[in-house]
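Offset between the sequence shown (1-based) and this note's numbering: plus 3. As structure tokens, the structure follows; a few thoughts come after it.
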Amino acid sequence: MAKRKLEKSAAAASRTEAGSGDHPVATNGSKSKNFEPSDEESAADEESGADLDDSEEEEEEEEEQKNNGPAKKKQKSQVTAQDVQVARETAELFKSNIFKLQIDELVNEVKIKDSHVAKIEKALHRLHHCISQVPATEQLTLEEAESKINSKKLVIPFPDPKPTKVNYKFAYLPPENVALVGSFGLKTGIAQQHGSGIDISLVMPKSLFSPKDYLNYRALYKRSFYMAYLAEHLITLTKKEHLPVKMSYFFLNDDVLCPVLKLESIKTDNEDDLCFHKTKFTINLIVSLPFGVFDTKKLLPDKNCIRVQSDTEELPPTPYYNSSVVSMTTQDYYLKYLYRNKKSAEAFKDACTLGRLWLQQRGFGSALNKGGFGHFEFAILLAALLNGGGNNGNKILLHGFSSYQLFKGAIKYLATMDLTSGYLSFSSDLDQSSASKYVPEAGFNTPTIFDKNVKLNVLWKMSKSSYQALKQHAIHSFDLLNDVVYDRFDAIFLRKSGSDMLKYDLVFKLTVPEELHDSFGALEKITFITFDNYIKHKLYIILKNALGERATSIEIINDKVNDLFPLVKRKPSSQHSDSYTIGIELNPDECDKIVTKGPNDTDEEAAARFRSFWGSKASLRRFKDGTIQHCVVWTIENNEPVVSSIVHYVLGLHLHPTITQHLTSIISKFNAKLPIPLSASAAGQGVTSTTNFTLLKESFEELCKIMYNLELPLSVKSILPASASLRNTSILQPVPFAVSNPDFWNDVVLQFETSSRWPDEIKALEKTKTAFLLKVSETLNKESTYKCFLTKDNSIPYMEDITLMNVLTPGGYGFRFRVLSERDEILYLRAVSNAGTQKAMVQNVYLKFNQKYLGAVKHSRTVSILSTHFPYYSPTVRLFKQWLDSQVLLSHLNDELVELIALKPFVDPAPHSVPNSVEKGFLQVLEFVSSWNWKDDGLILDLVKRTDGDELDNKLSDKLTIRAYQVIQSNFDKIRQTDPSAMKTQFFVGSRDDPSGILWSSDVTLPIASRLTALARAAMQMVHQQGVENSLDLLFTPALHDFDFHLQLRKSDLNKSSGVLKSGGYKNLSGNYTSFPDDITSRYDLGAALVDELNKAFGNVVLFSRRKCVGLYEDNVVCGVFLPTTSKKFRVSLGMDVKPESKEEVSLNKESILDQIKLLGGDLIRSIKTKKSQ
């Protein structure tokens, strides 16, 4: 009932807001003192974040309570079909009731404060009064116009090239219309953390232009003088009218052809001055060209409107210039088009707000350097789809849709329709409306939403690169919107897509050589206007041709160029960037192939193009299927992925010969962090290679065949893998005879056929299992070359009769067998039910049994499937384990828990995409761990591979259902009800395999969980502040000074016996072991045994940490933290070493404990360093 009341109150508030009146729109020719709404947003509108007026919220809540109060009794008596119908309609319109409430709350949160609106409106009216006082001028020549402006105060911001000799006149006349444009005027603006820009359009009179002024910058030169003249007078008039502002020039949406006047409020002590700096608003005065002043057919993107001398017969088209000129005429015009759509669709305004937030969180905006798709373009898309948009002009969106439905429809359109090969055609004509229509297979090879009335491509600021990135974001978001199991609101609207290293699989930093500027000639300048546009276009064409299907998205971003410059300068000191970021998202099925195939040898024309593009690398080869094709063969060197080699080669061939000196990437350093196996097959392998794991699995399968054929009292039913190496996730790759590898012994669960003769008591059952293992061991030792021996298993507490069978294969691998019968689980559960007061202890015993015998098998099966489906999961989880081990944490965490945490970015990557590189995968895992609030949120994973199959495939799959999700979530809620502070249970990781959520995390203690979170946060903070390249080595450096003490152990060279090639070492010098030692324990890590002894002696007062994989490090350390203890009264058998504090109280004797540790460790301990000595 509470949720329903909240929903109804939110709906009532939204209806009240929708019913409020909007300002009327003035006609294009009228000179209105009121500022009206419009469309084109300012670039400053793109920053994220919002403020809320708390007092307004409280007043609204009080009013709602007053309004809803008297109706409570009536609602109790009326739990009618109407309430049910409201809930159903809400679910249809907003996906779910909760989603609707979240949207209502979000829209309310980002609403601009009324007090700020009132303040800025006063400033706008005062500014309008100043503009109306600017005097007109007579017709002036260029020299007279320049002399008219006081060069000490400001200069005319002429675009390049600056005019010299012209035969037309310059003048200033009062503007035809002064109108408020942009999202603020349309009332689709939102509060911004870093402030917003309010756009005011001043339309120049038509009499100032001639029909040919669209050519050769003439209209832009006249516009520049008009703006400079206006600015000079406003400097004086704003002071006179007590409107203290700082004025500067600003490139609107990064368009160097469209400078505007930016006004920022100045704080003063004069009470008469109207200061609006607290509102965080700035004002952009946009000098617009009159609508219809030029024949827009002559300004189509395929026309040339800048005449230059050239050797070519035909000049290239000037799409940027043409579109910029046309867009300057549409400031007021598109206002009316969007305003009409806003009035016809009640939810249009809120849908625009959702679209703006979605774009901002993904780094998109109307500015050229933000992708060229922002709030204005999204609003135009919504308006076009409300009037059609389908192949036959059928409506994609309906006017009665909710804001959620409008938003989802627009996202679906972006995700499913190709606006490059085809285009969306619509008409913005206010007098006669015609249906919008998608025209397939007739596109202009550039992103296009074409207004056939204005003859403008609304997406003219978008490149193919940014459009592809937008499409990928839309595809991912549309999948999230269709997810009925998880709450995806945060991932869609609240979470930023993050930095480049979290968004892209490969990130390259390119510093442009000076010689490349010479290639930016006159023809390139009129085509692309700026060097940034030119170089980004060239890079994209080269990389797209080279990578083909290897990449799903290629995005090129230039560093921020200063688009704000003072009035005394004609242009910024630098108009182009020298540094570019190339972000590539990879196709995992294609990216690691070492052969780039070209055309057949019979296709001579295509073969010539292929050889021309690839140069000396191109060759002709015969393939296994008999075809002879042109191709390029790549080699993997220095841990560099194939795609990285391709990028370096083609840019060196087609962009600049020495590009390798200017192109940097961190990916090879990340790959080099993974341990290199000491085996012959490791040469020339990529990070996704599973050769060593495959050899281990082949050895396992051979052993299984032998065991299935053994003659035993009960035949073998199944042999199930349950180890990290058999699921490709061990920190070190398996190498034959590498017994120092912590994962050398591979756990296997052995099941015999069903029998009713198994004992009905656990102790007797375990002895029977031991007898079976003895029989198997004797048979294998006699009849094969396998070596077998039995050992005790201490992994399950209080169970001293469990026996393991250890098998050493001739190939150099080790397997450890446990026997599982159909009676085991029944007997353990019976023990739990009969435990009485010891129930908690027996439940823990059952949990350990479940881990080793049942859970490990399920986990291995699931992770094996997923590691095959996600090629980069295996190297990612291995690197994550190595990071945990370097920070002395891995020994406290189950392998299964670590693997499940590392699966999060792969099975649920939102708001990012699935990682297809080690760098992206590892950093996404760290990002998740650093932001995971495990106290309030459990981790619920859907452990299935994603399929693009039909509905039947989805029904038959093991995807997590809503019911299963609710069961797991209720288990988490129950745990937190009994443990709200997360003192006992920290990590909850649930899945279909483990609905309890605590199977693998029950052993994690609060200090370890807190330490893991703190380390991940520190690591991500360092990466964001210093960059990955400067912090990579520090990430894997342990913070030993955080521990109370650490032991430096005697150095033991376990590299070779761990199967690891030393960094800088050579395989031919290191050599492999070819047999097992006589005593296999002689190559074990003694540090592990020492920590076991220390835990037995001091585990109640000291938390010990050790490294699991000693062979990776130069030093071997064991760290310790004293558990918090208070002074206690002395009594016998306190269980710890104490010293007197007073007559009755004693405290922990830390010095004595350290002495005992040194005595226990003997020669193994080189030194003990404490916090004081460090």
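We put the CB at the ideal spot given by N, CA and C, even for glycine. Keep in mind the model is a prediction, meaning the values are calculated, not measured.
| Asked | Found |
| --- | --- |
| Contact check, L433 vs A413, beta carbons under 7 Å | no |
| Inter-residue spacing [alpha-carbon to alpha-carbon] between H1 and F511 | Outside the displayed range of the chain (4 to 1177) lies residue 1, so it cannot be described from this structure. |
| Integer-rounded CB distance, given that T285 should sit under 8 Å from L266 | 6 Å |
| 6 Å CB neighbourhood of N394 in its chain, flanking five on each side removed | Y441 |
| Three-state secondary structure assigned by DSSP to M1139 | coil |
| P262 - partner residues in DSSP beta bridges | F254 |
| Rounded straight-line distance, which links the Cα of C634 to that of G601 | 5 Å |
| Three-state secondary structure assigned by DSSP to Q136 | coil |
| Other residues of its chain near L768: CB distance less than 8 Å, five sequence neighbours each side excluded | W761, P762, S824, R826, D827 and L830 |
| Outcome for I971 when other beta-carbon atoms lying within 10 angstroms are tallied against a minimum of 16 | buried |
| Which of helix, strand or coil DSSP assigns to R1109 | strand |
| Which of helix, strand or coil DSSP assigns to M808 | strand |
| Alpha carbon of P177 to alpha carbon of E141, nearest angstrom | 12 Å |
| Residues near K596 in its chain [Cβ-Cβ closer than 6 Å; skip 5 each side] | none |
| Y507 burial status per 10 Å Cβ neighbour count (16 or more: buried) | buried |
| Integer Cβ distance of S682 from N1075, believed to fall under 8 Å | 7 Å |
| Presumed contact (8 Å Cβ cut-off) between L1151 and V1121, rounded CB distance | In fact, because the Cβ distance is near 19 Å, the residues do not count as touching under 8 Å. |
| Cβ shell of N974 (< 7 Å), same chain only, five flanking positions each side left out | G993, P998, S999 and G1000 |
| Coarse secondary structure for Y583, derived from DSSP in three states | strand |
| Cα-Cα separation between E43 and W637, rounded to whole angstroms | With a pLDDT of 40 at E43, under the threshold of 50, the predicted position of this residue should be treated as unreliable, though the coordinate-derived value follows. Their backbone Cα atoms lie some 48 Å apart in a straight line. |
| Alpha carbon of V860 to alpha carbon of R625, nearest angstrom | 45 Å |
| Those runs of the beta strand (DSSP E) which lie wholly inside the region 506–579 and span at least 3 residues | 509–514 and 554–561 |
| Anticipated Cβ contact below 8 Å, D257 with D566, distance rounded | 6 Å |
| Residue(s) in a DSSP beta bridge with W748 | G817 |
| Minimum C-alpha distance to S758 - residue among T771, V752, K165 and V751 | T771 |
| Residues near D1166 by beta carbon distance below 8 Å, same chain, minus five either side | R1053 |
| The region 887–898 / the region 448–464 touching (three or more Cβ pairs under 8 Å) | no |
| Element boundaries [alpha helix (DSSP H), containing L926] | V921 to S934 |
| Own chain residues within Cβ distance below 6 Å of W937, not counting five before or after | Q989 and F990 |
| Continuous alpha helix (DSSP H) stretch holding H378: start and end | H378 to L389 |
| Neighbour-count burial assignment, M1023, 16 or more Cβ in a 10 Å radius | buried |
| Contact set for L246: own chain, Cβ-Cβ below 8 Å, skip 5 residues either direction | A126, R129, L130, C133, D276 and L277 |
| One or two residues paired with Y441 in a DSSP bridge | L427 |
| Between the CA atoms of K672 and H665 - distance to the nearest angstrom | 17 Å |
| Sub-7 Å separation of F297 and Y171 beta-carbons | no |
| Presumed contact (8 Å Cβ cut-off) between V1124 and L1137, rounded CB distance | So it is not a contact: roughly 20 Å between Cβ atoms. |
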